[in-house]
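Below: the structure, in structure tokens.
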Amino acid sequence: MRSLILIFTLLGLSMGLIGCEGSRSPKDSLPVMGAAPDFTFLDTQEEQFRFRETDGRVRVVSFFFARCPSICPRINSSLQAIQRALPSPESALFVSISVDPENDTPEVLAEYAKKYRGSSKNWKFLTGDSSTVESLLSEGFRLASGMLPDEHNTRVVLVDRQGRVRGYYQGMDSSHLERLKSDLLGMVKDK
Numbered sequence: 697m698r699s700l701i702l703i704f705t706l707l708g709l710s711m712g713l714i715g716c717e718g719s720r721s722p723k724d725s726l727p728v729m730g731a732a733p734d735f736t737f738l739d740t741q742e743e744q745f746r747f748r749e750t751d752g753r754v755r756v757v758s759f760f761f762a763r764c765p766s767i768c769p770r771i772n773s774s775l776q777a778i779q780r781a782l783p784s785p786e787s788a789l790f791v792s793i794s795v796d797p798e799n800d801t802p803e804v805l806a807e808y809a810k811k812y813r814g815s816s817k818n819w820k821f822l823t824g825d826s827s828t829v830e831s832l833l834s835e836g837f838r839l840a841s842g843m844l845p846d847e848h849n850t851r852v853v854l855v856d857r858q859g860r861v862r863g864y865y866q867g868m869d870s871s872h873l874e875r876l877k878s879d880l881l882g883m884v885k886d887k
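Structure representation (structure tokens):
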């Protein structure tokens, strides 16, 4: 008899824990992986964009280059689909940083950006000097890369409103992108 009582008690407790786990918000369930680095680059309008000034918004950070023939367009198309799934375009800020600043001038990026963001001001395409971009990739976001631009890291980074990295997602893996979409949607709903 005592065994049955113990079993039912444990079963009840475990069901309660499962219920609690299901009610956790993404901002509580996603790990905090450290502070996102601050950086300042030029946008498509040749204006200074400082990342820290966007604290208070959820951000999705990626790396690309405009002359990339296959991988970058595929990742940016996936990010475009994720952006369209948001409750409103203002829900999150997408930040794409060129790993080929010698070729990706603000003018080149302005033309490139038309394919993905349309007239949205909620997706920034940025360029800066090579050494700063390399440092941002390797030290700031801890993303190892080979020779830039061709061998850049294809991970996408989710940053919360407080400027903390909350997730890394492989930009070429559809299951990772689905998880990014789910985590992002949960995070923008949690204010």
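Per the numbering used here, the very first residue in the sequence shown carries number 697; after that it's consecutive.
We treat Cβ as the ideally placed atom computed from N, Cα and C, and that holds for glycine.
Owing to the predicted nature of the structure, the values given are computational and were not obtained by experimental measurement.
Residue burial is scored here from C-beta neighbours: Arg770 has fewer than 16 other C-beta atoms within 10 angstroms and is therefore classed as exposed. Scanning the region 737-801 for uninterrupted alpha helix (DSSP H) segments of 4 residues or longer gives 767-780, listed from N- to C-terminal end. At the C-beta level, Arg862 and Leu854 come within 7 Å of one another.
For Val728, there is no enclosing beta strand (DSSP E), as DSSP gives it neither H nor E.
Annotation for Arg860: no alpha helix (DSSP H) segment contains it, and DSSP assigns it neither H nor E. Inter-segment contact for the region 759-767 and the region 794-806 is present: three or more beta-carbon pairs are separated by less than 8 Å. Taking a cut-off of 8 Å on C-beta distances, the region 731-748 touches the region 817-836, as three or more cross pairs fall below it.
Distance from the CA atom of Pro783 to the CA atom of Thr828, rounded to whole angstroms, is 34 Å.
With a beta-carbon spacing of about 17 Å, Thr750 and Leu775 fall beyond the 8 Å limit used to define contacts. Under DSSP, no beta-bridge partner is assigned to Leu832.
Judged by DSSP secondary structure, Arg875 falls within the alpha helix (DSSP H) whose first and last residues are Ser870 to Lys885.
According to the DSSP assignment, Lys817 belongs to no beta strand (DSSP E), since it is labelled neither H nor E.
Beta-bridge annotation (DSSP): Leu854 is paired with Val756 and Gly863. At a Cβ-Cβ threshold of 7 Å, Thr850 and Gly836 do not count as neighbours. The beta carbon of Ala731 sits closer than 7 Å to those of Gly859 and Arg860, all from its chain and outside the five residues before and after it, given in chain order. In this structure Gln779 is buried. Its beta-carbon is surrounded by 16 or more other beta-carbon atoms within 10 angstroms. Selection Gly752, Ser834 and Phe747 evaluated against Asp886 yields Gly752 as nearest (Cα-Cα).
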